[in-house]
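**Student:**
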């Protein structure tokens, strides 16, 4: 079909939205409520365009092209309308947008500010409007500031369409419309999984993580405390984005140097604990498989996924691996094994985690494992701390992690991407079961950002059926198929966030499919570059078992590295 856009003719093979057509024509139309990952909604009307013969302007995101249509994307009428719309949006965005810029929780670029600049808004003629709604600080992970909300519905749609959690909703109508939770109970009092995907969608900073930067600064300045830090695998391939680097840039050694400059006594790697997790989880799977234990075994590294299961599918709790997540395993080992080596009490040790995940903030206070980790920072929070300390991350001289809890394998590194836990576990399970060396370490079938991946892996004449799932909407689909008997697996990896940890709710914004792929490629580059690529070959892990734990699944390891779960109403 042929259409005219700004008096120039274009031809398209099939019916698409005006917004998609203008993108193909390399014409940018401003949007706020639109997100390429969500169904178009058309609420903000910023993308309105003029169509010849139509009396009213039409939102480009929800209006389809038709043969012969003539579209004007930046006519005088359109420009005037967009300017009025953005002024009204800014007026409803907090008490005063200019003042709020000083305290705004929006990480990275501000979409409202960017759109206002594109449209040419230099002054706000509309008096500020306050909705009078209080902040929601009921959650351990996510804060809602309704004063900054423009009701674009992106958080609501992400929670329902992608994650199928459905804890956010719209209340009231007209100018009294606002985003809330069931009966205004707050995010900490409903079945929120703390995944933070709503934060990645919010264009205004009305949603952000529970900050713990001040507590960490306080700990670093307390000379009576020994403060150590662990960094998750996904952080190293994303944090450079906060310093204007291309997505996927590996900044591991610069990050380590930056953390030392902040004042941490030791800088360690969560990848060490990921290797430890594989030692326990792979052996747990082997034990269940050989002794007719509960199968399929579900991974337990993602706290958002674990909480989702506890709320929605408690009948599968026994399928969850009893292993703590790498974050919590690290804390448990640091405050026992490592503290003993140093000759200090665990009360004098402060363990800080840097995670791509907002749900880790909730995980650290779970009653079953409380005390392993003291504070959790997101990737964005660490970037803010670096900037506050004047650390030019990309240009600091690189440094190495401290030993022994900084020694890790490539298998630990790939935990950051969907499919990584499965691949790492298979590398170890194969060699433990067969006693032979695995010739090909790369399990390509479980890689990629597809929501659901399946594979059959042959180990010593046994065909293991495995699945890899990312995103809670996909988790619901797979659980329903297992429940109905439609699918049968031996082992399933679940991650709450699309793409896995690289797409976590604490990662730099924006996080889209293109960025996820670049971060994922970097994760596998880290794996390929390391001399050790199997968890069971990590020398520091071997020494840990020899000196302290005994063997995988021992009484000591169960005491420190395993946990229980609960059915949540």
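In the numbering used here, the protein residues as written are 99 to 667. All C-beta atoms in this analysis are idealised placements derived from N, C-alpha and C, irrespective of residue type, glycine included. Please read these numbers as outputs of a predicted model, since none were measured by experiment.
Thinking residue 137 and residue 242 are a contact (beta carbons under 8 Å), I'd like their distance in whole angstroms, please.
**Tutor:** Here residue 137 refers to the residue found at position 39 when the chain shown is read from its first residue. Here residue 242 refers to the residue found at position 144 when the chain shown is read from its first residue. Not a contact, Cβ separation roughly 23 Å.
**Student:** Please name the residue, chosen from 588, 464, 134 and 184, that lies closest to residue 259 on a Cα-to-Cα basis.
**Tutor:** Residue numbering aside, residue 259 sits at position 161 when the chain shown is read from its first letter. Among 588, 464, 134 and 184, the Cα nearest to that of residue 259 belongs to 134.
**Student:** Please confirm whether residue 69 and residue 211 have their CB atoms less than 8 Å apart.
**Tutor:** Limits of the chain in this structure are 99 at one end and 667 at the other, which puts residue 69 out of reach.
**Student:** Within 7 Å: the Cβ of residue 464 and any heavy atom of the ligand HEM?
**Tutor:** The ligand content of the structure shown is nil, which means the ligand HEM is not present either.
**Student:** Would you call the region 455-462 and the region 599-612 touching, i.e. three or more CB-CB distances under 8 Å?
**Tutor:** yes
**Student:** Identify the continuous alpha helix (DSSP H) that holds residue 381 and give its terminal residues.
**Tutor:** In the chain shown, counting from the first residue as 1, residue 381 sits at position 283. Segment 368-388, the alpha helix (DSSP H) holding residue 381.
**Student:** Got a sec, what are the start and stop residues for the alpha helix (DSSP H) residue 639 sits in?
**Tutor:** Locating residue 639 in the chain shown gives position 541, where the first residue counts as 1. Its alpha helix (DSSP H) spans residues 637-642.
**Student:** With distance defined between alpha-carbon atoms, name the residue in 594, 624 and 186 nearest to residue 350.
**Tutor:** Here residue 350 refers to the residue found at position 252 of the chain shown. Of 594, 624 and 186, the residue nearest in Cα terms is 624.
**Student:** Just confirm the distance between the C-beta atoms of residue 512 and residue 614, as a whole number of angstroms; I'd bet it's less than 8 Å.
**Tutor:** Start at 1 with the first residue of the chain shown, and residue 512 comes out as number 414. Start at 1 with the first residue of the chain shown, and residue 614 comes out as number 516. The pair is not a contact, with the Cβ atoms about 14 Å apart (cut-off 8 Å).
**Student:** Measuring alpha carbon to alpha carbon, tell me which of 578, 587, 579 and 443 ends up nearest residue 562.
**Tutor:** Stepping through the chain shown from its first residue, residue 562 is reached at position 464. Answer by Cα proximity: 587.
**Student:** In three-state DSSP terms, what is residue 557?
**Tutor:** Here the question's residue 557 lines up with position 459 in the chain shown. Here residue 557 sits in strand by DSSP.
**Student:** At a cut of 8 Å, does the region 536-546 reach the region 653-666 through at least three beta carbon pairs?
**Tutor:** no
**Student:** Is the distance from the Cβ of residue 544 to the Cβ of residue 566 below 8 Å?
**Tutor:** As a first step, residue 544 must be located in the chain shown, where it is residue number 446. As a first step, residue 566 must be located in the chain shown, where it is residue number 468. In this structure, residue 544 sits near residue 566, with a CB-CB distance shorter than 8 Å.
**Student:** Is residue 261 helix, strand or coil by DSSP?
**Tutor:** Counting from one through the chain shown, the residue named residue 261 turns up at place 163. Residue 261 falls in the coil class under three-state DSSP.
**Student:** Tell whether a beta-carbon distance below 8 Å holds between residue 634 and residue 529.
**Tutor:** As a first step, residue 634 is located in the chain shown; it is residue number 536 there, counting from the start. As a first step, residue 529 is located in the chain shown; it is residue number 431 there, counting from the start. Cβ atoms of residue 634 and residue 529: closer than 8 Å.
**Student:** With 16 as the cutoff for other CB atoms within 10 Å, does residue 246 come out buried or exposed?
**Tutor:** Along the chain shown, read from residue 1 onward, the residue named residue 246 stands at position 148. It counts as buried.
**Student:** Cα separation between residue 610 and residue 111?
**Tutor:** Residue mapping note: residue 610 aligns to position 512 of the chain shown, counting from 1. Residue mapping note: residue 111 aligns to position 13 of the chain shown, counting from 1. Between residue 610 and residue 111, the C-alpha separation is close to 26 Å.
**Student:** Considering only the alpha carbon of each residue, which of 309, 224 and 232 lies closest to residue 475?
**Tutor:** Here residue 475 refers to the residue found at position 377 of the chain shown. Closest by alpha carbon: 309.
**Student:** Evaluate residue 280 with the Cβ neighbour count: other Cβ atoms within 10 Å of its Cβ, from every protein chain shown; 16 or more gives buried, anything less gives exposed.
**Tutor:** Position 182 of the chain shown, counted from the first residue, corresponds to residue 280. Label assigned to residue 280: exposed.
**Student:** Are residue 302 and residue 248 close, meaning C-beta to C-beta below 8 Å?
**Tutor:** Numbered from 1 along the chain shown, position 204 holds the residue referred to as residue 302. Numbered from 1 along the chain shown, position 150 holds the residue referred to as residue 248. Result yes, Cβ atoms of residue 302 and residue 248 sit closer than 8 Å.
**Student:** For residue 557, which residues of its own chain have a beta-carbon under 6 Å away from its beta-carbon, when the five flanking residues on both sides are left out?
**Tutor:** Counting from one through the chain shown, the residue named residue 557 turns up at place 459. Excluding residues within five positions, the ones whose Cβ falls inside 6 Å are 528 and 531.
**Student:** Please specify which runs of the beta strand (DSSP E), each continuous and at least 3 residues long, are wholly inside the region 157-183, giving them in chain order.
**Tutor:** 168-170
**Student:** Using the C-alpha atoms, what's the distance from residue 377 back to residue 638?
**Tutor:** Locating residue 638 in the chain shown gives position 540, counting from the first residue. Locating residue 377 in the chain shown gives position 279, counting from the first residue. Cα to Cα, the separation comes out at about 12 Å.
**Student:** Would you give the residue range spanned by the beta strand (DSSP E) that residue 324 belongs to?
**Tutor:** In the chain shown, the residue the question calls residue 324 occupies position 226. Per DSSP, residue 324 belongs to the beta strand (DSSP E) from 324-329.
**Student:** Per DSSP, which one or two residues make a beta bridge with residue 421?
**Tutor:** As a working note, residue 421 is residue 323 in the chain shown. According to DSSP, which records beta bridges pairwise, residue 421 is partnered with 660.
**Student:** Could you check how far apart the C-beta atoms of residue 296 and residue 253 are, in whole angstroms? I think they sit under 8 Å.
**Tutor:** Against the chain shown, residue 296 aligns to sequence position 198. Against the chain shown, residue 253 aligns to sequence position 155. 4 Å between Cβ atoms; contact.
**Student:** Determine the DSSP secondary structure at residue 634, reduced to helix, strand or coil.
**Tutor:** Within the chain shown, numbered from 1, the residue matching residue 634 stands at position 536. Residue 634: helix per DSSP, three-state reduction.
**Student:** May I ask you to report which of helix, strand or coil DSSP gives residue 611?
**Tutor:** The sequence position of residue 611 within the chain shown is 513, counting from 1. Residue state, collapsed to three classes: helix.
**Student:** Return the chain-ordered list of same chain residues with a C-beta closer than 8 Å to the C-beta of residue 564, the five sequence neighbours on each side being excluded.
**Tutor:** Start at 1 with the first residue of the chain shown, and residue 564 comes out as number 466. These residues qualify, in order along the chain: 520, 524, 544, 552, 553, 554, 555, 587, 588, 589, 590 and 591.
**Student:** Roughly how many angstroms separate the alpha carbons of residue 341 and residue 396, rounded to a whole number?
**Tutor:** The sequence position of residue 341 within the chain shown is 243, counting from 1. The sequence position of residue 396 within the chain shown is 298, counting from 1. Approximately 37 Å between the Cα atoms of the pair.
**Student:** Is the beta carbon of residue 327 closer than 8 Å to that of residue 365?
**Tutor:** Reading the chain shown from its first residue, position 267 is the one you call residue 365. Reading the chain shown from its first residue, position 229 is the one you call residue 327. Taking 8 Å as the Cβ cut-off, residue 365 and residue 327 qualify as a contacting pair.
**Student:** Decide if residue 631 is buried, meaning its Cβ has at least 16 other Cβ atoms within 10 Å, or exposed.
**Tutor:** On the chain shown, residue 631 is found 533 positions in, with the first residue counted as 1. Residue 631 is buried by the Cβ-count criterion.
**Student:** Between the region 503-510 and the region 353-373, are three or more C-beta pairs nearer than 8 Å?
**Tutor:** yes
**Student:** Quick check on the DSSP output: what are the complete alpha helix (DSSP H) runs of length 4 or more inside the region 249-313, in order along the chain?
**Tutor:** Within the region 249-313, the complete alpha helix (DSSP H) runs of at least 4 residues are 252-255 and 295-299.
**Student:** Per DSSP, what are the beta-bridge partners of residue 319 in this structure?
**Tutor:** Within the chain shown, the letter at position 221 stands for residue 319. Paired residue(s): none; residue 319 is not in a bridge.
**Student:** Skipping 5 residues on each side, what residues in its chain have a beta carbon closer than 8 Å to that of residue 193?
**Tutor:** In the chain shown, the residue the question calls residue 193 occupies position 95. Note that residue 193 scores a pLDDT of 49, beneath 50, so its modelled location is shaky; the value from the coordinates is reported in the next line. These residues qualify, in order along the chain: 226, 228 and 245.
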